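K.L.:
Residue numbers (our numbering), protein chains in the order written: chain A, 2 to 396; chain B, 2 to 396; chain C, 2 to 396; chain D, 2 to 396.
The following block contains the structure:
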């Protein structure tokens with residue numbers, strides 16, 4: 002009986018090597034390759050298609066960009082999607098890629114999944130969780146993890162099998178890209194104290210070379226998501242791409258942090274997240290305008306939990322649904338305009354307006370008499386009362 | 002019997018007006034004025050001294066700058082001292098000012114305190130909490146709050162009493178300054194959507210006019226506090242002043258947020274906090290290097306609580322002691338160097354090193370074999386197990 | 002022009018005294034009295050009606066018991082409604098009483114509210130918050146607070162005005178009752194170390210005198226609320242009353258805690274909450290069965306926040322809506338049966354079952370082979386990895 | 002060269018089977034067995050010694066009871082040591098047992114550790130974490146996990162090797178005992194809805210058969226730990242044993258919960274924790290008396306984190322040190338007396354006293370005039386102000 006494996010395929014060395022392996026070492030007759038476009042360079046998509054053709058797989062390219070924006074990026078915006086300073090991007094693309102692989106697997110009646118993740122990183126968790134959640138009985142093969150292959154070995158193997166290697170030999174950086182972010186790893190980049198070379202950045206101008214005059218933009222939000230740029234309503238995908246471009250031009254979006262991976266490794270990570278570094282602060286600024294002080298304080302905790310779940314790829318966790326119920330309840334008020342100034346690497350909120358603003362000019366202004374200031378006496382007197390009682394008993 | 006009132010004195014209109022009031026309306030024979038230098042312009046200190054002399058008070062100027070750095074700013078650094086995006090500064094200066102007033106009150110055997118805070122703001126809470134905590138039975142008089150005076154009335158009254166008014170008449174902005182920050186209020190500045198005029202900023206260059214080449218500095222921390230700049234050991238006060246200068250020159254330190262005051266008013270606030278906006282991110286970056294993932298996540302909560310207490314001026318709250326016990330336990334490892342790049346308004350961490358770094362090159366590097374990647378299988382399989390069980394029962 | 006005041010009326014001394022006061026000292030022509038039945042003894046309702054008649058007010062008695070169960074107690078169950086060990090009851094009845102007063106005020110076109118709360122307790126906050134939230138411009142009069150009346154003065158005044166006093170003179174305890182709980186205050190009861198006399202308990206048998214054999218019951222929950230007792234579907238109000246009776250008979254429901262009031266006073270409180278002390282643990286046990294470990298841990302925080310808001314009477318706070326969105330999302334699974342054993346003061350969960358249980362017999366049982374135990378090696382090896390790295394660097 | 006393995010030895014079937022295995026299948030010349038007494042029945046200790054002798058190992062019995070109380074149970078009391086309703090006991094004994102094995106390993110210059118934990122439970126994590134933390138390079142062998150042995154196989158193997166089996170054949174329950182708690186697993190006990198048979202309880206009387214009159218005791222705490230019972234100072238170990246006895250006699254200490262294991266399995270667990278169920282509520286009651294409201298609320302979070310770490314056996318995690326710094330800061334005030342009533346399964350706090358009590362009779366009593374109640378007006382007016390503003394903008 003013929004057996005089929007569904008391979009999550011990027012066109013890169015790791016996943017290309019998997020193709021002959023699946024046939025020769027794992028005994029599959031059919032290899033189905035799935036490349037999901039969540040905002041990849043057109044050349045990469047094309048390269049994947051060409052390689053797949055050359056290696057004789059049944060290939061699927063799926064344009065999931067619109068779905069990625071609406072169903073993954075937008076929930077991340079509502080949750081101010083962050084993990085340890087990183088505006089989560091790869092993390093939320095993986096579940097969608099995996100979902101598409103599942104859809105193809107159901108269509109082609111696949112017998113197993115294959116992916117190219119190693120046993121050190123986060124992606125194995127994100128990819129496999131969705132596969133197991135949606136097709137619990139389907140075996141998952143991860144050759145890179147099983148055999149702990151080195152790049153040298155892979156290149157030799159590829160050459161033997163006639164797989165085009167391209168610049169793989171000289172490749173220093175390991176890149177992952179999608180609409181919402183770009184991660185650059187490899188070489189010395191993991192070291193906390195290594196200054197990353199300018200060449201690793203493709204999306205953001207060096208702030209020094211960015212325009213000498215600030216760019217000011219207005220983002221309009223409705224129910225927690227951006228719907229217009231500078232007053233012009235736009236399709237969600239177009240809007241994200243446009244903000245991406247404006248931010249990158251102004252050198253906005255570079256992220257350099259210490260990150261604790263799922264498995265417990267602490268590494269330095271470099272990202273470019275131009276759109277995220279504009280839209281999320283804008284979203285947060287609007288929340289700060291419409292939320293009570295208690296809501297602001299507690300949403301930090303909720304967002305922190307959401308960020309962790311999303312980082313770990315637990316896209317179908319019921320806890321995520323619970324947190325989103327909280328988050329979405331607040332978003333009904335996160336409607337209004339935010340003005341931002343982008344300039345040589347920085348993005349600053351300079352104005353915010355909402356019909357739901359908890360700002361009352363009468364109460365706030367200095368000279369108002371609506372609140373009788375003498376009534377504050379009691380409040381001040383009881384302020385920290387227990388702390389004062391503590392002082393009387395502690396000695 | 003002669004009666005003495007101790008007035009927290011800035012030399013400004015509000016507190017100057019209090020002097021004749023205390024004598025004429027409140028029946029005090031002696032007015033003792035206390036001006037605490039927590040980093041004020043020399044001209045202001047001098048003005049306060051001259052006015053005090055002219056108005057015939059027993060005056061004390063106290064240079065508390067070193068104490069402010071060591072006992073107030075440094076604990077704030079350890080806690081990444083923040084409230085809603087504001088690196089707390091006025092908040093932590095008030096308790097020290099109040100403490101000094103208490104010390105003078107004990108010395109002169111004062112019968113009451115007087116301060117110039119209104120009933121709308123935060124300072125009444127901060128000032129009075131410390132007074133009540135340290136001298137529980139001492140009456141506190143707040144004429145601005147009792148009578149809800151307008152500026153117009155105050156100016157008329159001052160003229161009648163021969164108090165020099167200076168630019169008070171034309172004064173638009175209400176300023177508070179100390180070593181760690183400068184707040185600017187008044188006019189339309191409270192409005193969320195009003196673009197603040199460039200003139201309100203005194204400490205930070207407009208980023209557009211800041212130097213065209215980045216400035217890179219290295220901060221050395223020991224036990225959670227900065228001890229050296231660019232490798233040079235410095236006295237704590239000098240170090241803060243030097244970072245203040247470098248940051249301001251590079252346009253770093255402007256803060257523009259929506260803030261929820263103690264009493265529940267939501268207002269827009271503008272601050273300049275040049276030193277804080279460099280030192281705190283540096284401190285945080287070092288924590289991110291030496292702390293476990295769980296410590297990082299939980300310290301966010303601890304810092305949030307600390308920031309709220311400090312914002313509310315609850316300097317002697319036992320809860321603050323508890324939080325600081327947690328914080329200080331971590332600081333024993335927050336030792337090392339942080340490199341930062343300051344450029345036209347932004348400050349970015351570009352490197353960090355510590356002997357306590359939880360970064361292990363062997364484990365982190367891609368090609369290492371120390372961790373057998375195939376052992377990750379079990380971890381990946383159990384990842385999100387309950388979430389997957391949930392999917393099997395939920396339908 | 003005739004002026005009308007709407008008085009929240011219990012029929013007790015405090016609020017009866019308010020009636021002549023409103024006419025004589027506050028200049029109201031009409032006094033409208035509102036008594037809301039949230040589970041009061043029939044005699045009290047009747048007494049209020051008779052006194053109102055005698056004192057010539059326009060009186061309304063409103064039976065709000067069903068609404069209290071469905072709209073106040075049931076949300077409390079979903080949130081495991083607790084504040085510092087106290088199953089919140091008075092706290093959630095006040096907003097409903099206040100809501101009813103608002104409804105009457107709108108109907109009779111009242112010009113002001115009056116209530117009998119003092120300035121020391123919590124009820125003033127709960128009652129007034131709802132009034133201000135729903136009728137922001139309506140004045141609120143609190144004579145007890147304004148004049149800080151003593152009981153002695155009240156009794157004299159009542160006698161002068163011909164208000165029947167009943168046992169008020171000898172009354173030691175201040176009682177508040179509703180369907181969900183009964184609070185007893187007064188005398189020495191606030192003291193942390195005073196053993197409360199048996200006479201203060203009316204709803205719960207002394208455990209020593211309770212039946213010598215345990216009573217076992219089964220509660221069925223649907224969507225987070227109890228719908229059947231011992232397999233028998235019941236109306237919500239009837240079910241709560243029936244559990245109340247069974248619990249009380251078995252001596253279950255006494256609560257004795259240190260409580261921090263809104264204003265910061267710490268007092269000992271005694272409550273009887275028989276139904277709550279059975280239904281909430283049962284609800285919690287069901288949540289423990291259907292929730293993931295992360296959901297359980299985080300819901301504790303959410304419930305803690307909900308309990309605080311409810312305790313403070315902030316029934317219309319948007320934060321409460323947010324928390325309830327989280328809570329309700331979970332409740333969709335809180336469906337099933339809980340068996341409990343009630344015996345001489347204790348109530349113990351002895352069994353729980355739900356179609357949404359995250360319990361999988363295969364995985365859990367000792368001898369199963371579905372999970373290959375050797376795959377645990379990697380999990381165990383990485384367990385606490387950062388903690389172990391910490392030990393290698395700390396010395 | 003001769004090779005030595007250090008076996009954590011209970012004398013039970015699982016670990017006895019390991020002895021011949023270590024020699025025959027793993028190639029060790031010397032087997033060193035370590036039995037750590039953390040409150041085991043004397044018969045079990047003796048049985049372990051006898052079997053060890055018969056099987057020819059170098060055996061060590063270590064009485065660690067005093068250390069267990071002072072260094073493990075007492076910190077747990079300070080943290081109100083709980084995980085999901087379970088007063089953690091086995092969890093905190095494992096690290097100590099492992100520590101003792103490490104000490105012996107260092108003494109005998111062992112080449113490897115061996116333990117009898119399976120790959121399903123929690124103990125493998127607790128035991129191995131400590132071994133790896135203290136002797137990072139020492140191999141750890143877990144035969145039960147490697148081979149996923151069944152009980153049937155073990156019994157056959159034991160018979161073949163001449164290991165006495167005792168009641169192992171008929172053994173239904175898997176028991177773990179120490180001073181602080183006793184866990185009973187096996188058979189149907191994992192099922193959420195199975196009523197546990199009375200026979201599984203050895204330490205606690207059936208409440209129905211417990212004395213008909215309540216027992217009242219007083220516990221005196223100093224710095225967060227119990228130091229005297231009924232006014233009599235006692236050694237810590239003696240005190241815990243005495244409370245254990247009193248509680249058990251009164252049927253206090255049975256715990257029946259749904260527990261989420263480290264690996265994600267949710268199972269029902271039955272415990273007997275008589276001493277813990279008296280001492281921890283007493284400790285908590287004292288904290289409630291001396292802590293501010295904010296401290297009480299936040300300590301719940303800290304305790305929750307501590308409980309999770311302790312449950313997972315992460316005894317040397319730096320995060321635990323941080324949390325304990327917070328906890329210990331509070332304990333300096335947790336000094337005083339707590340009165341408790343034990344009766345037929347329940348334990349109730351009925352009084353508490355401390356010189357650090359934040360209870361002030363003047364402020365709390367109803368008739369006092371020290372706090373001018375009319376000053377509460379401002380507090381009440383601003384209560385929930387933002388929530389009220391929200392209502393004005395939301396429609």
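Each residue gets a CB set at the ideal place from its N, CA and C atoms; glycine is no exception. What you are looking at is a predicted structure, and each value in this text was computed from that prediction instead of being measured.
Note down, in chain order, every chain B residue with its Cβ under 7 Å from the Cβ of residue 111(C).
P.N.:
Correct list: empty, because the minimum Cβ distance to chain B is about 27 Å.
K.L.:
Check each candidate in 36(B), 91(B), 86(B) and name the one with the smallest Cα separation from residue 104(B).
P.N.:
Residue 36(B) is the option with its Cα nearest to residue 104(B).
K.L.:
Residues of chain D with CB closer than 8 Å to the CB of residue 47(C), please, in chain order.
P.N.:
Within 8 Å Cβ-Cβ: nothing; residue 47(C) doesn't reach chain D, min ~27 Å.
K.L.:
Here's a check: name, in chain order, each residue in its chain whose Cβ is nearer than 8 Å to the Cβ of residue 243(D), leaving out the five neighbours to either side.
P.N.:
Taken in chain order, the residues that qualify are 230, 235.
K.L.:
Residues in the same chain with beta-carbon distance under 6 Å from residue 370(D), minus the five sequence neighbours each way, listed in chain order, please.
P.N.:
A caution first: residue 370(D) carries a pLDDT of 47, below 50, which makes its placement in the model unreliable, though a value can still be read off. Excluding residues within five positions, none has a Cβ falling inside 6 Å.
K.L.:
Measure the alpha-carbon distance for residue 221(C) versus residue 227(C) and round it to whole angstroms.
P.N.:
Each residue's alpha carbon lies about 6 Å from the other.
K.L.:
If contacts are defined as beta-carbon pairs under 8 Å, then residue 33(A) and residue 7(A) qualify, I think. What distance do you get, rounded to the angstrom?
P.N.:
Contact flag correct, Cβ pair sits at about 5 Å.
K.L.:
Answer with yes or no whether the minimum CB distance from residue 332(D) to chain A is below 8 Å.
P.N.:
Answer no: the Cβ-Cβ gap between residue 332(D) and chain A never drops below 8 Å.
K.L.:
Name the chain B residues whose beta carbon is nearer than 8 Å to that of residue 293(D)?
P.N.:
Under the 8 Å cutoff, chain B gives 318, 319, 320.
K.L.:
How big is the Cα-Cα spacing for residue 52(A) and residue 383(B)?
P.N.:
Near 34 Å, if we compare the C-alpha coordinates of residue 383(B) and residue 52(A).
K.L.:
Residue 1(A) and residue 73(A): beta carbons closer than 8 Å?
P.N.:
Since the first and last residues shown for chain A are 2 and 396, residue 1(A) lies out of range.
K.L.:
Does the separation of the CB atoms of residue 96(B) and residue 127(B) fall below 8 Å?
P.N.:
Yes.
K.L.:
Contact between the region 48-64 of chain C and the region 142-151 of chain C: three or more CB pairs below 8 Å?
P.N.:
In short, these stretches do not touch, since the Cβ pair count stays below three.
K.L.:
Distance check for residue 77(C) and residue 392(D), CA to CA, integer angstroms please.
P.N.:
About 22 Å.
K.L.:
Nearest-angstrom Cα distance between residue 349(A) and residue 283(A)?
P.N.:
Each residue's Cα considered, the two are about 9 Å apart.
K.L.:
Please tell me whether residue 329(B) has its Cβ less than 8 Å away from any Cβ of chain C.
P.N.:
With 8 Å as the cut-off, residue 329(B) does not count as an interface residue toward chain C.
K.L.:
What are the boundary residues of the alpha helix (DSSP H) that residue 11(D) is part of?
P.N.:
Note, residue 11(D): premise wrong, no alpha helix (DSSP H); not H, not E.
K.L.:
Would you kindly check if the distance between the Cβ of residue 290(C) and the Cβ of residue 360(C) is under 8 Å?
P.N.:
Yes. Within cutoff.
K.L.:
My guess is that residue 123(A) and residue 262(A) are in contact by the Cβ rule of under 8 Å, so how many angstroms apart are they, rounded?
P.N.:
Right, their Cβ atoms sit about 5 Å apart.
K.L.:
Determine, for residue 191(A), whether the minimum Cβ-Cβ distance to residues of chain C falls below 8 Å.
P.N.:
Not closer than 8 Å to any Cβ of chain C, the Cβ of residue 191(A) fails to qualify, so no.
K.L.:
For chain D, check one thing: does any of its Cβ atoms lie closer than 8 Å to the Cβ of residue 124(B)?
P.N.:
No, its Cβ sits nowhere closer than 8 Å to a Cβ of chain D.
K.L.:
Measure the C-alpha to C-alpha separation of residue 20(C) and residue 3(C) and round it to an integer number of angstroms.
P.N.:
Their Cα atoms are separated by approximately 16 Å.
K.L.:
Taking C-beta pairs closer than 7 Å, name the residues in chain C that residue 196(D) reaches, listed in chain order.
P.N.:
Result: 351, 352.
K.L.:
Just to confirm my understanding: we take residue 317(A), look at its own chain, exclude 5 residues before and 5 after, and list those with CB closer than 6 Å. What are they?
P.N.:
If we look at residue 317(A) and ignore the five residues flanking it on each side, its Cβ neighbours are 134.
K.L.:
Among residues of its own chain, excluding the 5 on either side of residue 75(D), which ones have a beta-carbon nearer than 6 Å to its beta-carbon?
P.N.:
Counting only Cβ-Cβ distances below 6 Å, and skipping sequence neighbours, we find 226.
K.L.:
Please give me, in chain order, every unbroken run of the alpha helix (DSSP H) with length at least 4 that falls completely inside the region 279-323 of chain A.
P.N.:
Here the runs fully enclosed are 294-312.
K.L.:
Beta-carbon within less than 7 Å of residue 48(B)'s beta-carbon, same chain only, minus the 5 sequence neighbours each way: which residues are those?
P.N.:
Counting only Cβ-Cβ distances below 7 Å, and skipping sequence neighbours, we find 12.
K.L.:
Is residue 119(D) close to chain C, meaning its C-beta is less than 8 Å from at least one C-beta of that chain?
P.N.:
Judged by the 8 Å Cβ criterion, residue 119(D) is in contact with chain C.
K.L.:
Nearest chain B C-beta to residue 224(C) closer than 8 Å, yes or no?
P.N.:
No, its Cβ sits nowhere closer than 8 Å to a Cβ of chain B.
K.L.:
For residue 142(B), which residues in chain D fall below 8 Å Cβ to Cβ?
P.N.:
Residues of chain D passing the Cβ test: none, with the nearest at roughly 15 Å.
K.L.:
Identify the residues that DSSP records as bridge partners of residue 269(D): which are they?
P.N.:
DSSP output for residue 269(D) lists 259(D) as bridge partner(s).
K.L.:
Going by DSSP, name the residue or residues bridged to residue 62(C).
P.N.:
DSSP, once it has assigned bridges, lists 36(C) as partnering residue 62(C).
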